[in-house]
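Be aware that the sequence shown starts at 1326, since it is given in the numbering used here, and climbs by one per residue.
Idealized CB from N, CA, C, for every residue including glycine.
Structure first, then comments.
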Amino acid sequence: MTIRITWARTVAAIVALIVAGLLFSWSGVFNVAASSGHWKITDWFLHWTMRNSVRTHAALTVPDDPKARDGVVSAAGLFKASCAACHGAPGVRPLPVMQAATPPAPDLSINAREWTDKQLFWILKHGVKFSGMPGWAAKDRDDEVRHMVAFVRLLPEMSAATYRALTEVPGPTNARMATCAGCHGADGRGRGQPDIPVLGGQSPAYLRAALEAYATGKRQSAVMANAAATLTPAEMTRLADHFAAMPGIGTTKPAGSVEAARIDREGLPKVQLPACASCHAPGKPYPVLAGQRASYIAQRLRNWRGDETVVDARKSQSTMPVIARRIPEDMIDPLARYLAGR
């Protein structure tokens, strides 16, 4: 018997398959339990699809400089707080309950070798569907992602002692204080890291407001949002008072080029750039910049400027991004060094 294939029969077959699939899904027969695992062919297909997707999107969308050259302490702190539970860390086993996921999170001391820096950047920034791997928790913070790429790249060769040195400092016995000191140092000076600000000497009110802004998402930082999210109001006040009371900011006077001094004191009226000192001075509700780490100031200004290939109208119109874009590029480093002082 010969069966003629017609358009009507083809459409009917497609409709029947769709209906059958919907009925199968509606019935609940398919077992979605993580404990049941995947068939081997399903596991292979999902990972094959994921790897192809990461390779293609990383090649097309990730910048050529996806890894920070220094400063992995902040990334190590975030990894300890949020990632080690699933992936484990040097000298630290992953939590058994997290490894019971389908699929379980990979051991990055092995798995990291399988990806390029650009591919790691894409995975960290965007996450992976159906795997439990989240995207980066802060918009427009590629600088943080670069630091995490640098940290993950070190994991295959990292010892347990090195991991502890990156995430812990001697001294604090209070758990909250120890967590903050892991990045900011027991003295509030940021452990000499280029991407971590000096907290000592800042206004307690400003530090308290910053913690609240990070916790509520008004300020963008995956690292700080994670640290502040579980703090109570009383803990925020206590931490702000503790770090503000330490010496640091305000003990050094600005010094450097005449051009940088002019921007700090007068701004650039021709491009509607206000003076830095009009907001960032003692007694103002904004952070004091005199004595702040130059590398931190320059990094934040460049991050606020955003991608130079994107027109201003499509960038953030918040105060600091707009101001940062009005500062001439060749003046960012001189201005940062001037504010840092000697």
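**Item:** GLU1469, buried or exposed, once every other Cβ within 10 Å from all chains shown has been counted against 16
**Value:** The residue labelled residue 1469 in the question sits at position 144 within the sequence shown. Its Cβ being crowded by 16 or more others within 10 Å, GLU1469 is buried.
**Request:** Can you tell me the Cβ-Cβ gap for ARG1618 and VAL1548, rounded? I've got them flagged as a contact below 8 Å.
**Result:** Taking the sequence shown and counting its residues from 1, the one referred to as residue 1618 is at position 293. Taking the sequence shown and counting its residues from 1, the one referred to as residue 1548 is at position 223. Actually they do not touch by this definition, with Cβ atoms about 16 Å apart.
**Prompt:** So LEU1420 and ALA1410 are in contact, right, with Cβ under 8 Å, and what is the actual spacing, rounded?
**Reply:** For the purposes of this step, residue 1420 is identified with residue 95 of the sequence shown, where counting begins at 1. For the purposes of this step, residue 1410 is identified with residue 85 of the sequence shown, where counting begins at 1. Confirmed, Cβ separation roughly 5 Å.
**Request:** With a cut-off of 8 Å on the beta carbons, I'd call PRO1646 and TRP1629 a contact; round off their distance for me.
**Result:** Numbered from its first residue, the sequence shown carries residue 1646 at position 321. Numbered from its first residue, the sequence shown carries residue 1629 at position 304. Indeed, because the Cβ distance is near 4 Å, the residues count as touching under 8 Å.
**Item:** CB-CB length for LEU1532 against LEU1556, believed under 8 Å
**Value:** Taking the sequence shown and counting its residues from 1, one reaches residue 1532 at position 207. Taking the sequence shown and counting its residues from 1, one reaches residue 1556 at position 231. The Cβ separation is near 12 Å, so there is no contact.
**Prompt:** Around the C-beta of VAL1596, are 16 or more other C-beta atoms found within 10 angstroms, so that it is buried, or is it exposed?
**Reply:** For the purposes of this step, residue 1596 is identified with residue 271 of the sequence shown, where counting begins at 1. By the 10 Å Cβ count, VAL1596 comes out exposed.
**Prompt:** Is the Cβ-Cβ distance between ASP1658 and ALA1623 less than 8 Å?
**Reply:** Here the question's residue 1658 lines up with position 333 in the sequence shown. Here the question's residue 1623 lines up with position 298 in the sequence shown. Yes, these two residues count as a Cβ contact at 8 Å.
**Prompt:** What does DSSP give as the partner residues of VAL1636 in its beta bridges?
**Reply:** Taking the sequence shown and counting its residues from 1, the one referred to as residue 1636 is at position 311. For VAL1636, which the question treats as bridged, DSSP gives no partner whatsoever.
**Request:** Pick helix, strand or coil for ALA1414, following the three-state DSSP scheme.
**Result:** The residue you call residue 1414 lines up with position 89 of the sequence shown. Strand at ALA1414.
**N-terminal and C-terminal residue of the alpha helix (DSSP H) that MET1483 is part of** = Here residue 1483 refers to the residue found at position 158 of the sequence shown. Here MET1483 belongs to no alpha helix (DSSP H), and DSSP marks it neither H nor E.
**Message:** If you follow the alpha helix (DSSP H) that ALA1462 is in, where does it begin and where does it stop?
**Reply:** Counting from one through the sequence shown, the residue named residue 1462 turns up at place 137. First-last for ALA1462: undefined, no H or E at that position.
**Message:** As an exercise, report each continuous alpha helix (DSSP H) stretch of at least 4 residues that is fully enclosed by the segment 1525-1603, in chain order.
**Reply:** 1529-1541, 1547-1553, 1558-1569, 1583-1590
**Request:** Helix, strand or coil for VAL1647, going by three-state DSSP, please let me know.
**Result:** Sequence index remark: in the sequence shown, residue 1647 carries index 322 (1-based). VAL1647 falls in the helix class under three-state DSSP.
**Segments assigned alpha helix (DSSP H), at least 4 residues, entirely inside the segment 1369-1436** = 1398-1403, 1409-1412, 1421-1424, 1433-1436
**Item:** Beta-carbon proximity of PRO1415 to THR1487, cut-off 8 Å
**Value:** Against the sequence shown, residue 1415 aligns to sequence position 90. Against the sequence shown, residue 1487 aligns to sequence position 162. In this structure, THR1487 lies closer than 8 Å to PRO1415 by Cβ.
**Alpha-carbon spacing of GLY1396 relative to GLN1518, whole angstroms** = Working through the sequence shown from its first residue, we reach residue 1396 at position 71. Working through the sequence shown from its first residue, we reach residue 1518 at position 193. Cα to Cα, GLY1396 sits roughly 5 Å from GLN1518.
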